[in-house]
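Below: the structure, in structure tokens.
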Amino acid sequence: MGSLDGSMGEMIRLLGRRSKHNYIQIGVSSRCNHSCAMCPRTVFRDRWTSTDMTLETYGRIAENFPDVRNVYLSGWGEPLLNPHFPEMVRLAKEAGCTAGFTTNGARLEDETMGQLIDDRVDLVSLSLAGAAAPTHDSRRTGSRFNEVVEKLERLQELKKRRRSESPRVLLLFMMFSDNLGELPEAVRLAERVGAGGVVATNLDYVGHAAMDELRAFTCGEAPEGFGAEIDDAMDLAERLGVEFTAFPLGLGRARLCSEDPLNNLYVSEDGEVSPCVYLNPPMPEVPRIFCGEETVVPRTSFGNINERSLPEIWKGDKYSSFRSRLKKLAEDKSSLLPEECRTCYKAYGL
Ligand code: SF4
0 MGSLDGSMGE MIRLLGRRSK HNYIQIGVSS RCNHSCAMCP RTVFRDRWTS
50 TDMTLETYGR IAENFPDVRN VYLSGWGEPL LNPHFPEMVR LAKEAGCTAG
100 FTTNGARLED ETMGQLIDDR VDLVSLSLAG AAAPTHDSRR TGSRFNEVVE
150 KLERLQELKK RRRSESPRVL LLFMMFSDNL GELPEAVRLA ERVGAGGVVA
200 TNLDYVGHAA MDELRAFTCG EAPEGFGAEI DDAMDLAERL GVEFTAFPLG
250 LGRARLCSED PLNNLYVSED GEVSPCVYLN PPMPEVPRIF CGEETVVPRT
300 SFGNINERSL PEIWKGDKYS SFRSRLKKLA EDKSSLLPEE CRTCYKAYGL
């Protein structure tokens, strides 16, 4: 899953390349082989559309790759379930873009890993819900922590054998109220399996009370010592030479979010173009719980790539006006967020 598992902005910073559109995030599949407790696909199963992006839709996006440097092939599902995934990677790499994706690791078989190395995929981010089997397995239903670790070790071995630095591996550790103590262990794991870094992420999309109970961050004042495990993990990471980034555990003031919708965009499996993945899950609308308040925002699209070109959609009045609001906010802190962003945790730095 893409956005549940980390900020695209952070991943692109790690990929380290820029262009006209800094990155396009692409939801290549909204299907999944797991049923994670914190995933909207699990919680809203009755209204979720599980589908793969077609090569035709992807081709419409790929026409724009000369103006894009980073392509991130992950939305709300498991990207390796899309049978066209290798072809999609190939099109991005041939156009000179970097290519990365987030995976639960279940489909990382030897053949797939070999292909990722051959295709010089730049970044593979592995989703973790803890750094011990009981924690991870209880939240990521269907995933086995020990198997994920074996896959990571195997990928490291294959890269060594083929003398390849790529793909770079990143561990995305989702912080819950009860797993922060495992953060240092995640850093040790990263060192052991040759991962370049650990990103400690928040459950930044909360749409249901069952999800709200899991989040680590607080909307109010943080108690003394809250989040001390992050400092421990950071110290350890420095000693071990592992890159470590953690998102804050408390709300900041409204700002331009790390998805950077002024430069980046998201295209869903069915071709709908949005400023970010958070506004475009495969559901008719987006339920949210924001600091205890239940609300619903419409699924937001500024056009479908199967009907209009990307430049036409990007320059459309409504999309331009959305970006103008955000630009004003970035320049003048007193400006208000667009309505769609006001109840999004990403807008407050999480
Ligand atoms: S703040 Fe707005 S643009 Fe940023 S992630 Fe949230 S909904 Fe998307």
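Heads up, the sequence shown is in numbering that gives the first Met the number 0, so the first residue is 0 and it goes up one at a time. Ideal Cβ positions, reconstructed from N, Cα and C, are used throughout, including at glycine. Model, not experiment: these values are computed from the prediction.
Let's see if you can read the secondary structure: which residues bound the beta strand (DSSP E) around residue i?
| i | result |
| --- | --- |
| H135 | Careful: H135 lies outside any beta strand (DSSP E), inside the alpha helix (DSSP H) at 132-138. |
| R119 | No beta strand (DSSP E) contains R119, which DSSP labels as neither H nor E. |
| I23 | 20-25 |
| P286 | 284-289 |
| L106 | The residue asked about is misnamed: residue 106 is Arg in this sequence, not Leu. Here R106 belongs to no beta strand (DSSP E), and DSSP marks it neither H nor E. |
| E242 | 242-245 |
Just curious, the alpha helix (DSSP H) that residue i is in, first and last residue?
| i | result |
| --- | --- |
| Y318 | 316-330 |
| A227 | 227-239 |
| V295 | Per DSSP, V295 belongs to no alpha helix (DSSP H); it is in the beta strand (DSSP E), 292-297. |
| G87 | A quick correction: the sequence has Met, not Gly, at residue 87. Taken as a continuous stretch (DSSP letters only), the alpha helix (DSSP H) holding M87 covers 84-93. |
| F144 | 144-160 |
| L54 | 54-61 |
| T41 | 39-42 |
Please say whether residue j and residue i have beta carbons closer to each other than 9 Å?
| i | j | result |
| --- | --- | --- |
| L125 | T102 | yes |
| L170 | L188 | yes |
| W75 | V276 | yes |
| V186 | A232 | yes |
| A208 | I288 | yes |
| M37 | L202 | yes |
| P78 | P280 | no |
| L80 | R106 | yes |
| P65 | G26 | no |
Run the CB neighbour count on residue i, radius 10 Å, all protein chains shown included, and call it buried at 16 or more, exposed below.
| i | result |
| --- | --- |
| V285 | buried |
| P337 | buried |
| G240 | exposed |
| C340 | buried |
| S2 | Since pLDDT at S2 reaches only 47, below the 50 mark, its modelled position is unreliable, and the value read off the structure follows with that caveat. Burial call: buried. |
| F84 | buried |
| A221 | exposed |
| G283 | The question names Gly, but residue 283 in the sequence shown is Pro. Exposed, because fewer than 16 other Cβ atoms sit within 10 Å of the Cβ of P283. |
| F305 | Checking the displayed sequence, the identity of residue 305 turns out to be Asn instead of Phe. With fewer than 16 Cβ atoms within 10 Å of its Cβ, N305 is classed as exposed. |
Check whether the segment 145-158 and the segment 100-120 are in contact - that is, three or more C-beta pairs closer than 8 Å. yes
Completely contained alpha helix (DSSP H) runs for the segment 186-224, where each covers 4 or more residues: 208-211
Do the segment 65-73 and the segment 21-35 touch if we need at least three Cβ pairs shorter than 8 Å? yes
Which whole runs of the beta strand (DSSP E) in the segment 248-277 are 3 residues long or more, in chain order? 264-266
Pairing CB atoms from the segment 212-219 with CB atoms from the segment 172-179, are three or more of them under 8 Å? yes
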